[in-house]
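Engineer: Attaching a single structure in structure tokens format; questions to follow.
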Amino acid sequence: MHFQTLLPFVLASLATAHTVPWVKGMYCINGTSHEDAPNTNTAVNPLYNLAKADWWFQHDRGCDAYPPDEGDILELPAGGSFEVEMAHNRAQTTLSYDGKFTSIWPDGKEHPEDWSGPGNPPECITDGTGALHTNNQTMAAGSAFAISYNSELSDVTSENLVVFTVAAHTPWKRLASFSVPAALPACPPGGCHCAWLWVPNGCGQPNMYMAGYRCNVTGATSTIPVAKGQTPVYCPDDASKCVKGAKQMVVWNQ
């Protein structure tokens, strides 16, 4: 198919967009297909009012049954950082069409550097179907990655899936960087499993997001195991109420 005839098909599928980090090593990188699917957005859809068996690693759409290709893994350099591409569709990343549909923004379009919703104070951004769930960059909720030291997805639980990094004010632009603690130990043979986690702070349906990845810690020097994750507590105004140490993911409106 010629690139010119491909364009309307790519753009047409973006009408109902959300956001997820795209990177080699993710589950559902081809949607629920074993063939290359450069125009998929299966992994971006939110989770809302579902049983745990359905929202856990996007079982509701079958993503947990479509692992990454052999050898594809998200590398986590201990003490360093890793980069992902936040986008509404794989077509808007460099993983598809040689990056022809990318921009610095997740929707592949152009927006001002100080992009915000209308009004003062700003209302929710509705351009791009409101997929960023925010009024502006400073009000973006932030998102996280968690890690489980299990090479089999069936062995991953809420208790052993522990948050290890948070990027404030994400999702926002397409490229996002997450830091990796130097104290993360090496993964077992076969690697670890990771999950990206996002609970938007208003602007749209009160849903949440979870996406799965095969991951591996590189350059690890620590041999101390990651502690069991504790249930987090919302503590915006009183730090003394916050849970100290390893924490589980936040689950919202399920």
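Note that the sequence shown covers residues -17 to -1, 1 to 237 in mature numbering (1 follows the signal peptide of the UniProt record, and there is no 0).
Every residue, glycine too, gets a C-beta built ideally from N, C-alpha and C.
1) Only counting the same chain, and skipping five residues up and downstream in sequence, which positions put a Cβ closer than 6 angstroms to that of P7?
2) Are the CB atoms of P89 and A123 within a distance shorter than 8 angstroms?
3) Rounded to whole angstroms, what's the CA-CA distance from G202 to V149? Just pull it up for me.
4) Below 8 angstroms, how does it come out for the segment 55 to 66 and the segment 195 to 215: are there three or more Cβ pairs, yes or no?
5) Taking only the alpha-carbon atoms, compute the straight-line gap between H1 and A178 and give it to the nearest angstrom.
6) Mind reading off the beta-carbon distance from residue 303 to V163? Whole number of angstroms is fine, and I expect it under 8 angstroms.
7) Name the one or two DSSP bridge partners that Q213 has.
8) Can you tell me whether S206 is buried or exposed? The criterion is at least 16 other CB atoms within 10 Å of its CB, across all chains shown.
9) Look up I12 in the DSSP assignment and give the residues it is bridged to.
10) Round the Cβ separation of Q237 and L30 to the nearest angstrom and send it over; I've been treating them as touching at under 8 angstroms.
11) Assess, as a yes-or-no matter, whether the segment 123 to 134 is touched by the segment 37 to 52 under the definition of 3 or more beta carbon pairs within less than 8 angstroms.
12) Grouping DSSP H, G and I as helix and E and B as strand, with all else coil, what is T153?
13) Report the residue from A166, H116, T23 whose alpha carbon sits nearest the alpha carbon of G185.
14) For residue 242, which of V145, W181, E106, V233 has the nearest alpha-carbon?
15) Please list the segments of the beta strand (DSSP E) lying wholly inside the segment 168 to 203, counting only runs of 3 or more residues, in order along the chain.
16) Go ahead and label Y49 buried or exposed: buried means 16 or more other beta carbons lie within 10 angstroms of its beta carbon, across all protein chains shown.
17) Report all residues from its chain with a CB closer than 6 angstroms to the CB of V3; omit the five preceding and five following residues, and keep chain order.
18) With DSSP run on the structure shown, which of helix, strand or coil describes V139?
19) Bridge partners of A129, per DSSP?
20) Return the chain-ordered list of same chain residues with a C-beta closer than 6 angstroms to the C-beta of M232, the five sequence neighbours on each side being excluded.
21) With a cut-off of 8 angstroms on the beta carbons, I'd call G212 and V145 a contact; round off their distance for me.
22) For N118 and T140, I'd like the C-alpha separation in whole angstroms.
23) For H94, collect the residues of the same chain with a Cβ closer than 6 angstroms to its Cβ; drop the 5 residues on either side in sequence, then sort them by chain order.
Structural biologist: Straight from the coordinates:
1) Per the sequence shown, residue 7 should be read as Lys rather than Pro. Cβ neighbours of K7 within its own chain (closer than 6 angstroms, five residues either side excluded): D55.
2) The answer is no: Cβ separation not under 8 angstroms.
3) Approximately 20 angstroms, taken between the alpha carbons.
4) A contact exists between the segment 55 to 66 and the segment 195 to 215.
5) Distance from the CA of H1 to the CA of A178, rounded to the nearest whole angstrom, comes to 17 angstroms.
6) Lying before the first or after the last residue shown, residue 303 is absent from the chain, which here runs from -17 to 237.
7) Paired residue(s): K230.
8) Per the sequence shown, the amino acid found at residue 206 is Thr instead of Ser. Its Cβ having fewer than 16 others within 10 Å, T206 is exposed.
9) Per DSSP, G14.
10) In this structure, Q237 and L30 form a Cβ contact; the two beta carbons are roughly 7 angstroms apart against a cut-off of 8 angstroms.
11) No: the two stretches stay apart, fewer than three of their Cβ pairs being nearer than 8 angstroms.
12) Reduced to three states, the DSSP call for T153 is coil.
13) When C-alpha distances from G185 are compared across A166, H116, T23, the shortest belongs to H116.
14) Outside the shown range of the chain (-17 to 237) lies residue 242, about which nothing can therefore be said.
15) Within the segment 168 to 203, the complete beta strand (DSSP E) runs of at least 3 residues are 175 to 181, 192 to 201.
16) So Y49 ends up on the buried side.
17) The beta carbon of V3 sits closer than 6 angstroms to the beta carbons of A26, V27, A194 from its chain, once the five residues preceding and following it are set aside; these are given in chain order.
18) Here V139 sits in coil by DSSP.
19) A129 pairs with V146, A178.
20) Non-local C-beta neighbours of M232 in its own chain, meaning closer than 6 angstroms and more than five positions away in sequence, comprise A129, L180, ordered along the chain.
21) Taking 8 angstroms as the upper bound for CB-CB distance, G212 and V145 are in contact here, some 4 angstroms apart.
22) Whole-angstrom Cα-Cα distance: 34 angstroms.
23) Here the set comprises W88.
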